[in-house]
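Residue numbers (my numbering): 4 to 247.
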Ligand SMILES: [Zn+2]
């Protein structure tokens, strides 16, 4: 059975870990089926190789307790939000039939992130149109539109539409991020320093998650945006701030 409750689809291996790993871990701990589809292999990364990044991504998925991680092998830096990319993604979305899709921010420092966020949101819509025909392993697929599409934070901090409390699983999130040894600060590495391998990057992630957590009265939080306004079933659905 390939159906997933949540499918995270982002541009590069490590986008998911940095942006929404805590939320994925939390839902996996609740017994829900959660998976990741990386759009590219991150082959333009200054540090590491495709092979080392693939190993790191698999290790991070294992730390997060996720059984499904696939790679669409689109071209890092050059994939487009065009007919071919949309059809490719529609096939993945129909195969996994996720209720919720999480993807990149719609605008970010890295142009791939905004383009991926738009591509994934568009593909989620088109996946629901039955007259768009796709196949999976030679078999015709039925239309499927995910109920929710959320955009996690990447580099830039946007005013969130909601924040998920990930305090209980934040240590596991950081362990998953640290699987990307080639990308982050390693005093022993002889590869060129980059924006994210400079010292302090991981501390910034922790600080951002703490700031998001503080906004909702918990220790660590992950922020999301939604193009559709998220509804709640009643006023009691929301977290209550702790009493003094
Ligand atoms: Zn990225």
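A virtual CB, placed ideally from N, CA and C, is assigned to each residue, including glycine.
**OP:** Could you check the C-alpha separation between residue 123 and residue 7 for me, to the nearest Å?
**Re:** 16 Å
Subject >> Beta carbon of residue 16 nearer than 8 Å to that of residue 56 >> reply: yes
Original post:
Would residue 81 be called buried (16 or more neighbouring beta carbons within 10 Å of its own) or exposed?
Top reply: exposed
Subject >> Alpha-carbon to alpha-carbon, residue 238 and residue 139 >> reply: 42 Å
**OP:** To the nearest angstrom, report how far apart residue 95 and residue 205 are at their CA atoms.
**Re:** Going by the C-alpha atoms only, they are around 31 Å apart.
**OP:** Check the DSSP bridge columns for residue 226 and list the partner residues they point to.
**Re:** Answer is 166.
Original post:
Excluding the five sequence neighbours on either side, which residues of its own chain have a C-beta within less than 7 Å of the C-beta of residue 69, listed in chain order?
Top reply: 27, 31, 37, 38 and 39
Original post:
When every heavy atom of ligand 3 is checked, does at least one fall within less than 7 Å of the C-beta of residue 115?
Top reply: The model depicted lacks ligand 3 and carries ligand 1 instead.
Original post:
Cβ of residue 178 versus every heavy atom of ligand 1: is any distance shorter than 7 Å?
Top reply: False, no ligand heavy atom lies under 7 Å from that Cβ.
Original post:
Can we count residue 18 as close to ligand 1, meaning its CB is less than 7 Å from some heavy atom?
Top reply: yes
**OP:** Could you say if the region 150-168 and the region 105-118 meet the contact criterion of at least three C-beta pairs nearer than 8 Å?
**Re:** Result yes; three or more Cβ-Cβ pairs closer than 8 Å.
Subject >> Nonlocal neighbours in the same chain, by C-beta distance under 7 Å from residue 53, ignoring five residues either side >> reply: 44 and 46
Original post:
Residues bridged to residue 155 by DSSP?
Top reply: 227
**OP:** Identify the continuous alpha helix (DSSP H) that holds residue 89 and give its terminal residues.
**Re:** Segment 86-99, the alpha helix (DSSP H) holding residue 89.
Original post:
Is any heavy atom of ligand 1 found at a distance shorter than 7 Å from the C-beta of residue 14?
Top reply: yes
Subject >> Neighbourhood of residue 248 by C-beta distance below 8 Å, restricted to the same chain and skipping five residues each side >> reply: Residue 248 cannot be examined here, being either before or after the span of the chain that is shown, 4 to 247.
Original post:
Within the present structure, is the beta-carbon of residue 74 separated from the nearest heavy atom of ligand 1 by less than 7 Å?
Top reply: no
**OP:** Kindly examine ligand 1 and report whether one of its heavy atoms sits closer than 7 Å to the Cβ of residue 157.
**Re:** yes
Subject >> Residues bridged to residue 41 [DSSP beta-bridge criterion] >> reply: 13 and 74
Subject >> Residues that residue 142 bridges to, as DSSP identifies them >> reply: Under DSSP, the beta-bridge partners assigned to residue 142 are 139.
**OP:** Give me the Cβ distance between residue 21 and residue 175, rounded to the nearest whole Å; I'm assuming they're in contact under 8 Å.
**Re:** The distance from the Cβ of residue 21 to that of residue 175 is about 14 Å, inconsistent with a contact at the 8 Å cut-off.
Original post:
At a cut of 8 Å, does the region 220-228 reach the region 164-175 through at least three beta carbon pairs?
Top reply: yes
**OP:** Look up residue 221 in the DSSP assignment and say whether it is helix, strand or coil.
**Re:** coil
Original post:
Within 10 angstroms of its Cβ, does residue 119 collect 16 or more other Cβ (buried), or is it exposed?
Top reply: buried
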